[in-house]
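Each number in my numbering corresponds to the 1-based position in the sequence shown with 4 added. A short write-up of the structure that comes next.
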Amino acid sequence: MADLGGCDFVTEVAAPFPLRIICDMMGIPAEKHADVLRCSNVILSMGDPEYVPEGSDPMLAAINAGVELTELMEKLASERLASPADDLTTALITSNIDGEALTHAELASFFILILTAGNETTRNSIAHGLWALTEHPGQRAIWENDIDGVTPSAVDEIVRWASPVIWMRRTVAGDTVLSASA
């Protein structure tokens, strides 16, 4: 980040950092990381024009991004079956419980789940954490002066304070009354 001289922290650090870790764990090649980030942004964007062009169908864009990620994982799973590596994809695709192994589609679904859940929440926590420490330099100084002692609780506190999941889709499955008076 220092080499950039300045940047949009979310775009240059908070967004790609957790994605890179997830991709590295899964064994996704570095040249595919930008594609994975783009797809995860589209899936999570709910049609935000920053990620889905105006006039495009947001649901179709999300489905297409999911298909692209599924194809990436199906290809990687086939490669790992033929040539195992030291990564989570190999561990998942070559393991079985009671004689049953994950299908390539199940592996792809798992990847999309950890990608969207792990990437978005961690991105938000990192960004909110930087903002909080910038707004509260006394807290930053406490952490800087005792990194080993403060880090475990500081990370938990940032996640608590930042509320990295600010919206969640829910579907009501039956008659429901909201905000009813007692």
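Don't be surprised by glycine CBs; every beta carbon is placed ideally from N, CA and C. None of these values were measured; they are calculated from a predicted model.
Sequence-distant residues of its chain with Cβ nearer than 8 Å to residue i (five each side left out)
i, result
"K79", "none"
"L85", "I97, T98"
Residue i: first and last residue of the uninterrupted alpha helix (DSSP H) it sits in
i, result
"E72", "62-86"
"M29", "20-30"
"A38", "37-49"
Beta-carbon separation (whole angstroms), residue i vs residue j, contact threshold 8 Å
i, j, result
"T126", "P22", "4 Å"
"A65", "V46", "5 Å"
"H108", "A69", "Wrong, their Cβ atoms sit about 18 Å apart, outside the cutoff."
"L73", "I26", "The Cβ separation is near 12 Å, so there is no contact."
"L92", "M50", "Rounded, the Cβ-Cβ distance is 28 Å, inconsistent with contact."
"W147", "A158", "5 Å"
Residues bridged to residue i (per DSSP)
i, result
"N149", "Bridge partners of N149: none, in fact."
"N100", "A105"
Close-in-space but distant-in-sequence residues of the same chain around residue i (CB under 6 Å, 5 per side omitted)
i, result
"S44", "L119, T120, N123"
"G133", "I162"
"I130", "A18"
Cutoff 7 Å; reference residue i; Cβ partners in own chain excluding five residues on either side
i, result
"R144", "L137"
"L41", "A19, P20, L23"
Cα-Cα separation between residue i and residue j, rounded to whole angstroms
i, j, result
"P88", "T94", "6 Å"
"D152", "D160", "14 Å"
"D90", "G31", "8 Å"
"E110", "E104", "12 Å"
"L8", "N128", "21 Å"
"G35", "N149", "It is Glu, not Gly, that sits at residue 35 in the sequence shown. The straight-line gap from Cα to Cα measures roughly 38 Å."
"P33", "G178", "45 Å"
"P62", "L106", "30 Å"
"L76", "G142", "45 Å"
"D52", "S60", "10 Å"
"T180", "L48", "27 Å"
"P156", "D102", "38 Å"
Residue i beta carbon near the ligand SAM (any heavy atom closer than 7 Å)
i, result
"S44", "Of the ligands one can find in the structure shown there are none, so the ligand SAM has no counterpart to examine."
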